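Here is the structure we will look at.
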Amino acid sequence: MKIGLCLAHKGVNYGMLLQAYATQKKIESLGYETEIIDYNRIGYKHIRFTPWLPVYFFVEIMKKYRNKKTKITLDKLHKQNVDARKKVSNEFISENLLHRVKCNGIEQLEKYARENFDGVLIGSDQVWPPDSAFGNFTTLRFAPDSMNKIAYAPSLGVSEYPIYCRSSAAQFWKRINHLSVREEQGKEIIQSVCDIPVEVVVDPTYLFTKDEWEQLIPVNNIVNDKYILCYFLGNTREHKELARAFADKTGIKIVSILSTESVSDIDVSYADEIVTGRGPKDFINLIRGAEYVLTDSFHGLAFSVINNKNFFIFYRTKVGSKNSRNSRIDNILKSWELENRLVLNDAKVEDFDMSPIDYDKVNELVRKKRDKSLSFLKNALEDCKQ
0 MKIGLCLAHK GVNYGMLLQA YATQKKIESL GYETEIIDYN RIGYKHIRFT PWLPVYFFVE
60 IMKKYRNKKT KITLDKLHKQ NVDARKKVSN EFISENLLHR VKCNGIEQLE KYARENFDGV
120 LIGSDQVWPP DSAFGNFTTL RFAPDSMNKI AYAPSLGVSE YPIYCRSSAA QFWKRINHLS
180 VREEQGKEII QSVCDIPVEV VVDPTYLFTK DEWEQLIPVN NIVNDKYILC YFLGNTREHK
240 ELARAFADKT GIKIVSILST ESVSDIDVSY ADEIVTGRGP KDFINLIRGA EYVLTDSFHG
300 LAFSVINNKN FFIFYRTKVG SKNSRNSRID NILKSWELEN RLVLNDAKVE DFDMSPIDYD
360 KVNELVRKKR DKSLSFLKNA LEDCKQ
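So in numbering that gives the first Met the number 0, the last spot in the sequence shown is 385, and the numbers never skip.
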């Protein structure tokens, strides 16, 4: 049985690369062949034209016009970091995301899928934003009606779906034979648009235990001293100032993974040591070696939990923002009963809950969710044999 995998896997984001890696590894461990579809769009044939499409484009153009900002000029450090991250990320993809097939254009993709796959799976990460409703790839529209179609832990990435995307979204959601999402809010959105069964499952990185991850990616000590690992994707100055205050309070130095998304003066001043140009394996090992992890990253949180680290998580976007991604943080903290690890924007260092996390309790919660999620995945894949 061969499964075609539609995975977000091209770029420098650690979480994106590691969830793709975990998805392929887990499915192959269950006895299935896989191929990651490296899809290259050609022209506009990948777009599904509907009466709502012009409305969508108009709204998006107006949104960009209103929110237009002056781009920050990349300084030398930032450019070096981005270039180095691209290099190590491409190496990780070449060495670890195996069995990839390149398909150029929707017609070639449809033909290849029809002739080679027993089923197709759309994977995790934020692959179902509103604009995806008009596409043919992440929606699995390229797969014939008779083929088993699986959605494992995709995220919608928004708190609500615009009305002009809903009819197209409903059409592709209804075609998926086994539908799951990563967040409870995603389930609520889908079921408000079309009343169909939806499971909530864990991100694929949670499908492996701490020990299993150590077999996949061996432990490697990168920093010798005790340290607080800071991994901030956002550019909120207050988060980094609070991290500095936390480090001063604990007497432990800060090691910061420099973001590839933006850089400012505080990024090079609040940390005692800056890490640049490291790949996904080093990302995991930096979390493993830390005394504390401070992050605004979903997967920074995930690997902190998997490795039983004391961590604090920050919202990356403002509370109440229409494009907020905070629901995914709220959802996972609630699942693991770790709401006390959330640091709000107006917090002071005295507000940090310094009590150690009860990982006996958390690991049991993770195990139950992992077992349930694996059961969904196994049952979904079984239908590829029909």
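For every residue, glycine included, the Cβ atom is placed at its ideal position computed from N, Cα and C. Treat the numbers as computed from the prediction; the structure is a model and nothing was measured.
Between Leu4 and Leu120, the gap from beta carbon to beta carbon is short of 8 Å.
Assigned with DSSP and collapsed to three states, Ile273 falls in strand. Distances from the alpha-carbon of Lys248 to those of Ile41, Tyr291, Asp202, Tyr163 put Tyr291 closest.
The shortest CA-to-CA distance from Val199 to any of Glu187, Arg181, Tyr205, Asp329 is the one to Arg181.
Minimum Cα-Cα distance from Leu228 among the listed residues Ile92, Asn309, Cys164, Tyr205 corresponds to Asn309. The alpha-carbon of Phe207 is positioned some 15 Å away from that of Ser123. For Thr259 and Lys367, the gap between their C-alpha atoms comes out near 35 Å. Each of Ile328, Pro128, Arg236 was checked against the Cα of Glu159, and the nearest Cα belongs to Pro128. In this structure, Lys252 and Asp224 form a Cβ contact; the two beta carbons are roughly 6 Å apart against a cut-off of 8 Å. Cα atoms of Gly233 and Asp295: separation of roughly 7 Å, rounded to the nearest angstrom.
When only Cα atoms are considered, Ser28 and Ala379 end up about 15 Å apart. Judged by DSSP in its simplified three-state form, Asn115 adopts helix.
Distance between Ile265 and Phe116, taken at the CA atoms: about 49 Å. Secondary structure note for Leu76: its alpha helix (DSSP H) is the uninterrupted segment 75-95.
Phe136 places its beta carbon less than 8 Å from that of Tyr38. Around the CB of Gly278, 16 or more other CB atoms lie within 10 Å, so the residue is classed as buried.
Classified as buried, Pro153 has 16 or more neighbouring CB atoms from the shown chains inside 10 Å of its CB.
By the Cβ-count criterion, Arg236 is exposed, with fewer than 16 other Cβ atoms from all chains shown falling within 10 Å of its own Cβ. Boundaries of the beta strand (DSSP E) harbouring Asp37: 32-39, taken from the DSSP string.
Residue burial is scored here from C-beta neighbours: Leu155 has at least 16 other C-beta atoms within 10 angstroms and is therefore classed as buried. Exclusion of the five residues before and after Ile216 leaves Lys280, Ile283 as the residues of its chain whose Cβ lies within less than 7 Å of its Cβ.
Taken in chain order, the whole beta strand (DSSP E) runs of length 3 or more contained in the stretch 157-208 are 177-180. Per DSSP, Thr22 is one residue of the alpha helix (DSSP H) stretching across 13-28.
Nearest to Ile149 by alpha-carbon distance, out of Ile175, Ala19, Thr138, Phe231, is Ile175.
Counting only residues of its own chain and dropping the five nearest sequence neighbours on each side, Gly299 has a CB closer than 6 Å to the CB of Tyr230. Annotation: the continuous beta strand (DSSP E) that includes Asn309 extends over 309-313. For Asp124, the three-state secondary structure derived from DSSP is strand. Looking from the CA of Leu332, the closest CA among Glu349, Gln23, Phe313, Arg243 belongs to Phe313. Boundaries of the beta strand (DSSP E) around Tyr291: 291-294.
For the 8 Å CB-CB criterion, Gly288 and Val222 form a contact.
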